[in-house]
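Chemist: Here you go, one structure.
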Amino acid sequence: MVEAAFYGDDFTGSTDAMVQFARVGLRAVLLVTLPSAPELRELAERYDVIGIAGLARSLPPDEQEVELRPVLEALRDLGPRVLQYKVCSTADSSPTRGSIGRALEIGREVCGPAIVPILIAQPELGRYTVFSHHFAAEAGTIHRLDRQPTMSTHPSTPMHESDLRDHLSHQTALPLTALHLTTYQNLTAHFPVVRGGVGAVVLDALTDEDLRMLGSVILRDAPVGEVRFAIGSGGLSRALGLALRPGGGAVGSRQSGVGGPVLVVSGSQSRRTAEQIEHARVAGWTVLPLDEKASARAVDAFSSGADGVVVHTNELGPNELEQVPFALADVVRSVTAPLAVRRVVVAGGDTSGQVLRRLEVSALELAGSPVPISPGVHLCRVTSAVSALDGLEVLLKPGQLGEVDLFTEFQRWSG
């Protein structure tokens, strides 16, 4: 029976949540759309963890409501011990786009009024919370969130405040509190189920051991007769997985070997993705701008023996980006249907979800070892009714993550 469930507010983050549960030995599946109630119950008999990948991070609050409420209700009805609203470990959100505060309100309405733990830290990715202030590494340097080069200037959700309580207070009227590392020696005593009208508690974390302790307390403190609702990054998924499987946590060794040709379709505008694309270009890959000839040129390149092809959107203007997911999905169809290209990278958190939905992908599962090909980037296998796509191996890459040689390394990697 299902022990945990989650909704991911974007697709790349959803794969990370799935893997965090899988790496401790839990059987996990990630669904691309909400199936019927009988289908969902049947899946709950086969898996320990069920996730549904969504698009809430890119939506305004009213559309979030339409997207999120039926999913949370369906997952709640499976009776998991905990239901997670999975967010990015940089807390990407604003009052008008991807509001974590609105998700908090909906989750409490669906699961009950108990205080909601919020755990954004993910130490293995260089994301830390200390005295409620959030920090994120970039290029080997740890920055306070409002000074991190990427997030402080993010085009959709720029972060102007590192104190997560203050950041989230602009997204909800619910009162927020916090627990700090200085209280963790007696954490159980400081973590009551109900605290005088408080809606949520922001939690610090610096280490994997902090996650292990927090996961245990979050589950132990769950309200009787209710599904525990919690909000957080892959760090929260890790914490919950460690609590559900206390003996878990060991990760197998990374396998090596020769992979196969790789198609990269990118809607990401991040500096890290641009660096990865340039590394692939220098390594001899074919790099193409997205235009009306991109699909044909990609097919020609692979037919001529290319190891890898990148189709990117870096040359498009803001007014041209709306049709990007449709166009990138067409590139994937064109390449995978007639050719032996079975490995695809989709770069960009918002892009990934929109592309996979347009490709009629129904589910993703971890492919091979839970050891990531690069921190925060995991290899998944697609389930699809479209035969050319079924079994496809995909990496859904967040814009900021992945080593600079990620694309070329994937081409060589056996998983």
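Residue numbers (the numbering used here): 278 to 692.
For glycine and all other residues, C-beta sits at the position ideal for the given N, C-alpha and C.
A quick note: this is a predicted structure, and the numbers were derived from the prediction, not measured.
Which residues mark the beginning and the end of the beta strand (DSSP E) in which residue 243 is found?
Modeler: Shown here, the chain extends from 278 to 692; a query on residue 243 therefore has no answer.
Chemist: For residue 306, which of 314, 294 and 574 has the nearest alpha-carbon?
Modeler: Taking the sequence shown and counting its residues from 1, the one referred to as residue 306 is at position 29. For the residues 314, 294 and 574, the minimum Cα distance to residue 306 belongs to 294.
Chemist: Helix, strand or coil: how does DSSP classify residue 761 here?
Modeler: Outside the displayed span of the chain (278 to 692) sits residue 761, for which this structure offers no information.
Chemist: If you draw a straight line from the C-alpha of residue 326 to the C-alpha of residue 687, how long is it?
Modeler: Counted from its first residue, the sequence shown places residue 326 at position 49. Counted from its first residue, the sequence shown places residue 687 at position 410. Straight-line Cα distance between these residues: approximately 27 Å.
Chemist: So the candidates are 652, 299 and 672; which of them puts its Cα closest to the Cα of residue 237?
Modeler: Because the chain here runs from 278 to 692, residue 237 falls outside it and cannot be looked at.
Chemist: Per DSSP, what are the beta-bridge partners of residue 412 in this structure?
Modeler: Within the sequence shown, residue 412 is the residue found at index 135, counting from 1. DSSP output for residue 412 lists 405 and 421 as bridge partner(s).
Chemist: Taking the alpha-carbon positions, what's the residue 602 to residue 323 distance?
Modeler: Taking the first residue of the sequence shown as 1, we reach residue 602 at position 325. Taking the first residue of the sequence shown as 1, we reach residue 323 at position 46. Cα to Cα, the separation comes out at about 32 Å.
Chemist: I'd like to know whether the C-beta atoms of residue 478 and residue 419 end up nearer to each other than 8 Å.
Modeler: Locating residue 478 in the sequence shown gives position 201, counting from the first residue. Locating residue 419 in the sequence shown gives position 142, counting from the first residue. No.
Chemist: So what does residue 362 bridge to, in DSSP terms?
Modeler: Locating residue 362 in the sequence shown gives position 85, counting from the first residue. Beta-bridge pairing links residue 362 to 284 and 508.
Chemist: Cβ of residue 376 within 8 Å of Cβ of residue 315?
Modeler: Counting from one through the sequence shown, the residue named residue 376 turns up at place 99. Counting from one through the sequence shown, the residue named residue 315 turns up at place 38. No; because the gap between Cβ atoms is not below 8 Å, this pair is not in contact.
Chemist: Which class does residue 485 belong to by DSSP, given the choice of helix, strand or coil?
Modeler: Against the sequence shown, residue 485 aligns to sequence position 208. Three-state DSSP puts residue 485 in a helix.
Chemist: Can you check which of these residues, 580, 441, 637 and 608, is closest to residue 664 by C-alpha distance?
Modeler: Position 387 of the sequence shown holds residue 664. Closest by alpha carbon: 637.
Chemist: In its own chain, which residues sit with a C-beta less than 7 Å from the C-beta of residue 433, not counting the 5 before and 5 after it?
Modeler: Position 156 of the sequence shown holds residue 433. 374.
Chemist: Pop quiz: residue 679 and residue 549 are said to be a contact at Cβ under 8 Å. What is the actual Cβ separation, rounded to whole angstroms?
Modeler: Translated into positions along the sequence shown, residue 679 becomes position 402. Translated into positions along the sequence shown, residue 549 becomes position 272. Contact holds; Cβ gap of about 7 Å.
Chemist: Reducing DSSP to helix, strand and coil, say where residue 630 ends up.
Modeler: To locate residue 630, count along the sequence shown from 1; it is residue 353. If DSSP states are grouped into helix, strand and coil, residue 630 belongs with the helices.
Chemist: Are the Cβ atoms of residue 348 and residue 328 separated by less than 8 Å?
Modeler: Along the sequence shown, read from residue 1 onward, the residue named residue 348 stands at position 71. Along the sequence shown, read from residue 1 onward, the residue named residue 328 stands at position 51. For residue 348 and residue 328, no; Cβs fall outside 8 Å.
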